[in-house]
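**Student:**
Protein chains: 2
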Amino acid sequence: MSLRHALLGLLSQGPASGYDLLKTFDISLANVWPATQSQVYAELGRLASTGLVEVTSEGPRGRKEYAVTEAGRAELRRWLTETDPGPLARRSEMLLRVFFLGEVSHEQAGAYLRRQAELGEERIGKLAPLREMISAMDDGLSVYGRLALEWGMRFSAMQRDWALWAEQELERLPADRGCDRDCERKPESGACEEADRT
Amino acid sequence: MSLRHALLGLLSQGPASGYDLLKTFDISLANVWPATQSQVYAELGRLASTGLVEVTSEGPRGRKEYAVTEAGRAELRRWLTETDPGPLARRSEMLLRVFFLGEVSHEQAGAYLRRQAELGEERIGKLAPLREMISAMDDGLSVYGRLALEWGMRFSAMQRDWALWAEQELERLPADRGCDRDCERKPESGACEEADRT
DNA sequence: GGTGCCATGTAAATGGTTACATGATTGA
DNA sequence: TCAATCATGTAACCATTTACATGGCACC
Numbered sequence: 001m002s003l004r005h006a007l008l009g010l011l012s013q014g015p016a017s018g019y020d021l022l023k024t025f026d027i028s029l030a031n032v033w034p035a036t037q038s039q040v041y042a043e044l045g046r047l048a049s050t051g052l053v054e055v056t057s058e059g060p061r062g063r064k065e066y067a068v069t070e071a072g073r074a075e076l077r078r079w080l081t082e083t084d085p086g087p088l089a090r091r092s093e094m095l096l097r098v099f100f101l102g103e104v105s106h107e108q109a110g111a112y113l114r115r116q117a118e119l120g121e122e123r124i125g126k127l128a129p130l131r132e133m134i135s136a137m138d139d140g141l142s143v144y145g146r147l148a149l150e151w152g153m154r155f156s157a158m159q160r161d162w163a164l165w166a167e168q169e170l171e172r173l174p175a176d177r178g179c180d181r182d183c184e185r186k187p188e189s190g191a192c193e194e195a196d197r198t
Numbered sequence: 001m002s003l004r005h006a007l008l009g010l011l012s013q014g015p016a017s018g019y020d021l022l023k024t025f026d027i028s029l030a031n032v033w034p035a036t037q038s039q040v041y042a043e044l045g046r047l048a049s050t051g052l053v054e055v056t057s058e059g060p061r062g063r064k065e066y067a068v069t070e071a072g073r074a075e076l077r078r079w080l081t082e083t084d085p086g087p088l089a090r091r092s093e094m095l096l097r098v099f100f101l102g103e104v105s106h107e108q109a110g111a112y113l114r115r116q117a118e119l120g121e122e123r124i125g126k127l128a129p130l131r132e133m134i135s136a137m138d139d140g141l142s143v144y145g146r147l148a149l150e151w152g153m154r155f156s157a158m159q160r161d162w163a164l165w166a167e168q169e170l171e172r173l174p175a176d177r178g179c180d181r182d183c184e185r186k187p188e189s190g191a192c193e194e195a196d197r198t
């Protein structure tokens with residue numbers, strides 16, 4: 001249940017409404033812990049009813065401003081210091097596909113890996129300009145946001161390098177699988193020898 | 001809906017029962033796309049009713065052996081070649097915490113990052129022996145499993161290096177946040193200036 | 001005859017996504 | 001007054017997790 005703690009964390013920077021929080025999610029937490037409107041409002045309600053946050057003021061348009069309580073702050077710290085984060089990257093569709101790359105041709109498998117390298121490269125390009133945006137903000141998140149950003153850059157670079165390596169690896173391999181299942185027009189002859197060992 | 005494709009992929013290596021598939025999930029796909037018993041049996045039912053797999057034989061103890069159909073194989077290839085994988089690592093509890101590290105002391109923040117570096121190192125240690133296990137198996141997954149394993153090793157190394165770097169970064173920073181909120185035994189006196197917004 | 005593994009399933013709860021619904025306020 | 005934005009909420013659905021339930025078969 002990390003959404004709960006994400007909200008406590010954001011509110012610990014200062015009071016905010018559900019609407020405000022949603023924007024913060026979109027701006028700074030989007031790549032780390034996305035949340036939808038339904039989720040945020042529902043969880044705020046639950047947090048309020050368990051006393052971890054409270055409504056501090058009601059503005060126009062029914063706006064409710066929440067602030068974290070001492071109990072909430074304590075819970076946030078407990079979460080940060082006394083519990084281990086769950087496994088990172090528990091599921092990866094990208095890697096799942098890798099397992100079944102034997103079902104398509106060598107060319108297609110190579111194309112897939114090249115595409116993953118590209119996506120890594122693109123991600124680096126998209127992340128880079130965020131550096132300045134983060135420095136510009138000066139809420140308490142910016143310092144730590146920079147650390148998270150760096151993680152993203154390193155992750156993307158790792159992804160790119162791995163994919164390029166993997167493509168090389170594939171080429172070094174005999175085409176015993178990958179070709180046999182896929183070529184619709186394959187004759188009996190062993191025409192599948194695309195493996196050139198350099 | 002990747003579980004569906006994971007099952008199609010596993011069955012494309014040869015027919016198997018739900019029970020067999022579960023074991024394969026535990027052995028080779030555990031770190032990439034874990035699945036529970038409930039999920040597997042339910043999804044097999046759905047796959048069978050849409051004609052992507054079929055029951056090829058019924059053994060003792062009610063065992064049903066499934067095989068992928070031509071339609072299923074086509075769907076698997078379509079998934080592999082014509083769709084892009086969703087974003088990797090959409091949520092990271094580990095990184096979410098990083099955003100809120102300002103709520104605890106510098107020491108605690110440092111300890112957190114050091115722990116993450118440790119976990120990365122440990123993961124490398126756990127993954128290494130898998131290399132041999134994978135070479136030993138000779139189903140079609142082993143070749144591509146090696147690629148996935150390498151991803152895990154690189155990922156873990158990245159995690160470790162990043163965490164060590166981040167810890168260094170923290171130390172270079174003035175302790176303006178991190179102390180003010182955390183001292184439990186703080187007296188009323190304004191030693192810590194916590195109430196900048198009261 | 002009993003232990004342990006093979007084998008399948010159902011039910012309830014949690015968490016997340018998408019879509020729907022509504023209304024107040026501000027500023028052009 | 002009209003459009004955009006602020007602001008909150010509900011309902012339905014899907015995926016995942018955990019727990020429960022059951023029974024056959026093999027081997028000692």
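Chains as they are written, first to last, in UniProt numbering: chain A, 1 to 198; chain B, 1 to 198. Backbone N, C-alpha and C define an ideal beta-carbon position, used for all residues, glycine too.
1. Any beta-carbon of chain B closer than 9 Å to the one on Ser2/A?
2. Could I get the ranges of all uninterrupted alpha helix (DSSP H) runs contained in the UniProt domain "Transcription regulator PadR C-terminal" (91–171) of chain A, with 4 residues as the minimum, in chain order?
3. Rounding to the nearest angstrom, what Cα-Cα distance links residue 215/A and Gly140/B in this structure?
4. Cβ of Leu96/B within 9 Å of Cβ of Leu29/A?
5. Looking only at C-alpha atoms, which of Asp20/A, Gly86/A, Leu164/A, Ala111/A sits nearest to Leu44/A?
6. Cβ closer than 8 Å: which chain B residues qualify as neighbours of Leu47/A?
7. Beta-carbon separation of Arg154/A and Asp161/B under 9 Å?
8. Along the chain, which unbroken stretches of the beta strand (DSSP E) at least 3 residues long are found entirely within the UniProt domain "Transcription regulator PadR N-terminal" (7–77) of chain B?
9. Hey, residue 212/B and Trp79/A: beta-carbon distance below 9 Å or not?
10. Taking the straight line between their C-alpha atoms, what separation do you get for Ala89/B and Ala89/A?
11. Taking all protein chains shown into account, decide if Val40/B is buried (16 or more other Cβ within 10 angstroms of its Cβ) or exposed.
12. What does the Cβ neighbour count give for Leu147/A, buried or exposed, with the cut at 16 atoms within 10 Å?
13. Rounded to a whole number of angstroms, what is the C-alpha to C-alpha distance between Leu149/B and Ala109/A?
14. Are the CB atoms of Val68/B and Leu3/B within a distance shorter than 9 Å?
15. So which residues of chain B does Val53/A contact, with C-beta pairs closer than 9 Å?
16. Just verifying my parser: in three-state terms, what is the DSSP assignment at Thr83/A?
17. Smallest Cα separation from Met137/B: which of Gly120/B, Gln13/B, Glu122/B, Arg172/B?
18. For residue 199/A, which residues in chain B fall below 7 Å Cβ to Cβ?
19. If you draw a straight line from the alpha carbon of Arg46/A to that of Leu7/A, how long is it in whole angstroms?
20. Could you tell me the distance, in whole angstroms, from the CA atom of Tyr66/B to the CA atom of His5/B?
21. Of all Cβ atoms in chain A, is any one closer than 9 Å to the Cβ of Arg177/B?
22. Can you check whether the C-beta of Glu93/A is within less than 9 Å of a C-beta belonging to chain B?
23. For chain B, is any of its Cβ atoms less than 9 Å away from the one on Glu169/A?
24. Three-state secondary structure (DSSP) at Leu88/B?
25. According to DSSP, is Leu3/A helix, strand or coil?
26. What number of angstroms, rounded off, separates the C-alpha of Met1/B from the C-alpha of Glu118/B?
27. Hey, Thr56/A and Pro15/A are a contact pair by Cβ (cut 8 Å); roughly how many whole angstroms apart?
28. Between Ala42/B and chain A, is there a C-beta pair that is closer than 9 Å?
29. Quick one, are the C-beta atoms of Val98/B and Trp165/A less than 9 Å apart?
30. Does chain B have any CB closer than 9 Å to the CB of Tyr19/A?
**Tutor:** On the basis of the supplied data:
1. yes
2. 93–99, 106–127, 130–136
3. Outside the displayed range of chain A (1 to 198) lies residue 215/A, so it cannot be described from this structure.
4. yes
5. Asp20/A
6. What Leu47/A touches in chain B: nothing, since even the nearest Cβ is about 15 Å away.
7. yes
8. 53–58, 64–68
9. Missing from the structure shown is residue 212/B; chain B here goes from 1 to 198 and no further.
10. 5 Å
11. buried
12. buried
13. 17 Å
14. no
15. Going along chain B, no residue has its Cβ under 9 Å from Val53/A, so there is no contact; the nearest lies around 15 Å.
16. coil
17. Gln13/B
18. With chain A represented from 1 up to 198, any question about residue 199/A goes unanswered, as that position is not in the structure.
19. 11 Å
20. 14 Å
21. Only weak support is given to the placement of Arg177/B: the predicted model assigns it a pLDDT of 48, under 50, and the value that follows is read from those uncertain coordinates. It does: the Cβ of Arg177/B has a partner Cβ on chain A nearer than 9 Å.
22. yes
23. yes
24. coil
25. helix
26. 33 Å
27. 5 Å
28. no
29. no
30. no
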